[in-house]
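Chains as they are written, first to last, in my numbering: chain B, 0 to 434; chain G, 33 to 206.
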Amino acid sequence: MELEPVYQVGQLSTTGFLIASVIKVLIVFLVVLVTVAMLTLLERKISAWMQDRLGPNRVGPGGLAQPVADGLKNILKEESNPGQAHRVFFVLAPMLAITPAMVTFAVIPLASPLPTPWGLVEMVIADMPIGVLFLLAFSSLGVYGIVIAGWASSNKYALLGGLRAGAQMISYEIALGMSLLSVLFLVGNVRLPEVVWGQQQLGLWFAIPLSISFLFFWVSAFAETNRLPFDLPEAESELITGYHTEYSSMKFSMFFIAEYAHVLTVSMLMATLFLGGWDIPFWSGDNMLGMADGTVVGAAPAVWKTLLTLLAFVVKTGFFIVMFMLIRWTLPRFRYDQVMDLGWKLMLPALLTVVTVTAGTILALDSAGVAYGLVYGLVLTAVNAVMLGIFLLVLDRGRVLSGGYARQEKRAHARAVARFHREEFEVGHGAPAEG
Amino acid sequence: MARRRKDKEMAANVRLMKRPEREASYLRATLKGVALTFRHMVNPHKVTMQYPEEKWALSPRWRGTHVMEQHEDGRPKCVACGLCPAICPANCIRLVPGEDDQGNRYPVVYEIDEFRCIFCGMCQEVCPVEAIHVGQHYENSEYTRDNFVYDLDRLMSQKQPSTLLWDPSDPASE
């Protein structure tokens, strides 16, 4: 890699760092909470538009104050505590659900580094060297809230919902982590600003050279957020509303907020990992990487660049959010066995192959001495396109997700197993008596 | 093969049809579905009617809340003949007739219980002086059930036009 120009902006003093951090925390937390509230409105609006309706439009201009009305209603409503419920865990569960959802925003870089008279301010709350790992760790904590809610409610539907959530989220955590692996190979770092920098250096957003990992990450993100078509933990038609059946008023609302916060996190994460984060396409003026010692590698940082890149990040995140909602109101829910099949029988083996092939390609490219840049990216693109094509062909043959074929094979297998056991039984004990 | 035997063992012989790929593919169905919902999402034609502000045009034959016609001096046109309570199938009209000095009959009490009324419009048909009519109106809401009993004043002060089953230019339908 050729040497990039380095700009000395200067490091923040300890006090400056503290003040900057507090300001960042307050702003991000407020913006996230407001965004999450607005997402509930957006969801209702988008679902309405898809069904040729107008959606909520009575409270405030165009219905914009609807989340306020909803929140007020939820706070004022009576809170019911089922007598059989385990009181401590019943109260603890919504908190456990909402906390991880609110913590994960800390490591996502929102814009290019901001130069100030006092030093360089990174546009990420906590620029951790273990960013991705932190994110994975905390997003998987979300399942505890749901499982505990299901168990503490002392309700069979809630318990089933909690169990499903546990099984589903743990299964898809594997796929999520594995599809992340290719990104981490390519970047060679788990710090999220470095991931953005890696995409700028490659000249391609990772969605293109790592297309198949992107697809898998997206699918498992749906499962991780418990959104349709993976909303088995809620499953209104089977489990009433699953794990939050017994919850009312603000406690219910906290699960709701947690779900939307997860949607927001995952959208931001996908934008960062696969769509270049805050990178503006076809422009090298924003290719920069802030360092902890107050230096910037690459282009010169500027306030207007920070604002522009922030806008780019918001647009990308918005794209994923709208896609989440589009998919939710399009697809019906999977059957439980289909979810497990997709996770363990299709995505896990496919991802193992993908990871191996990608790692091999990267190793080959590195040993061949190809510089990290556009050519490097195009080779990876070609390899991934072939894998994606094969995978889509297999999927298109409908053997995994199409109800009919999958069931037929399963049924035949179950019958064969049953007959085998019966024959064994007959050999050992003679023919069973009639009747 | 052993497959035939297996099928025989099944209680109900259900066979799954082998569908062509374009029907069975989850992927294509998903893309098709997303395209469809997206088309509807961006389609500006929405069917919601903003109800209190906008309303559907009522059918000219609509029979709603009653209206009592009145003379220019504010007296009801009703002559208290007693035909409407007699014909009312829901028995919702209460009429106490009175007579003034000149021998003109008038209703002392004329009440319609709009809760019991089935809006058949027979009172309008039977009225010899075209006094009582069903109106083009449907928004009836009250805080108590008693308020649904409309007395003579209330019937006369109803603003809605009477149903077009009755033509004011040809009052007796002759």
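Positions of the beta carbon are idealized from the N, C-alpha and C atoms, including for glycine.
- The beta carbons of residue 273(B) and residue 204(B) sit closer together than 8 Å.
- If you check the CB distance, residue 175(B) and residue 216(B) come in under 8 Å.
- Listed by position along chain G, the residues whose Cβ is nearer than 7 Å to that of residue 177(B) form an empty set, because the closest Cβ is around 21 Å away.
- For secondary structure counted as the alpha helix (DSSP H) over 4 or more consecutive residues, the segment 314–367 of chain B holds these complete runs in sequence order: 335–339, 347–366.
- At least one CB of chain G lies nearer than 8 Å to the CB of residue 391(B).
- Contact of residue 211(B) with chain G is not assigned, every C-beta pair being separated by 8 Å or more.
- Contacts between residue 320(B) and chain G, judged by CB atoms closer than 8 Å, are missing: the closest CB pair is about 14 Å apart.
- A distance of 8 Å or more separates the beta carbons of residue 104(B) and residue 33(B).
- CA-to-CA, the gap between residue 201(B) and residue 117(B) works out to about 32 Å.
- With a cutoff of 8 Å on beta-carbon distance, residue 353(B) and residue 211(B) are scored as near each other.
- Using beta-carbon distances, residue 87(G) does not count as an interface residue toward chain B, since no partner is under 8 Å.
- Separation of residue 112(G) and residue 85(G) (C-alpha to C-alpha, rounded to the nearest whole angstrom) is 39 Å.
- Take residue 266(B), set aside five residues on each side of it, and the residues of its chain with a beta-carbon closer than 6 Å to its own are 316, 319, 320, in chain order.
- Between residue 153(G) and residue 329(B), the C-beta spacing is not below 8 Å.
- Within chain B, the C-beta atoms nearer than 7 Å to that of residue 62(G) come from 330, in chain order.
- As the crow flies, the alpha-carbon of residue 42(B) is around 26 Å from that of residue 166(B).
- Under a 10 Å Cβ-count criterion, residue 193(B) is classified as buried, with 16 or more other Cβ atoms of the shown protein chains found around its own Cβ.
- Listed by position along chain G, the residues whose Cβ is nearer than 9 Å to that of residue 51(B) are 72, 75, 77, 78, 79, 80.
- Excluding sequence positions up to five before and after residue 364(B), its CB lies within less than 7 Å of the CB of 375, 378, all in the same chain and listed in chain order.
- Beta-bridge partners assigned by DSSP to residue 144(G): 125(G), 182(G).
- At a cut-off of 8 Å between C-beta atoms, residue 97(B) does not count as an interface residue with respect to chain G.
- When the alpha-carbon of residue 220(B) is set against those of 107(B), 251(B), 306(B), 178(B), the nearest one is in 178(B).
- Put simply, the segment 147–166 of chain G touches the segment 114–124 of chain G. At least three CB pairs are less than 8 Å apart.
- Beta-bridge annotation (DSSP): residue 139(G) is paired with 129(G).
- Residues of chain B with a Cβ closer than 7 Å to the Cβ of residue 59(G) are, in chain order, 391, 394, 395.
- Bounds of the alpha helix (DSSP H) holding residue 165(B) are 155–186.
- For residue 45(B), the residues of chain G that pass the 7 Å Cβ criterion are 73, in the order they occur in the chain.
- In the structure shown, residue 231(B) falls within a coil segment according to DSSP collapsed to helix, strand and coil.
- For residue 325(B), the nearest CB of chain G lies under 8 Å from its own CB, placing it at the interface with that chain.
- Beta-bridge analysis with DSSP links residue 113(B) to 120(B).
- For residue 7(B), the beta-bridge partners assigned by DSSP are 294(B).
- At least one C-beta of chain B is nearer than 8 Å to the C-beta of residue 69(G).
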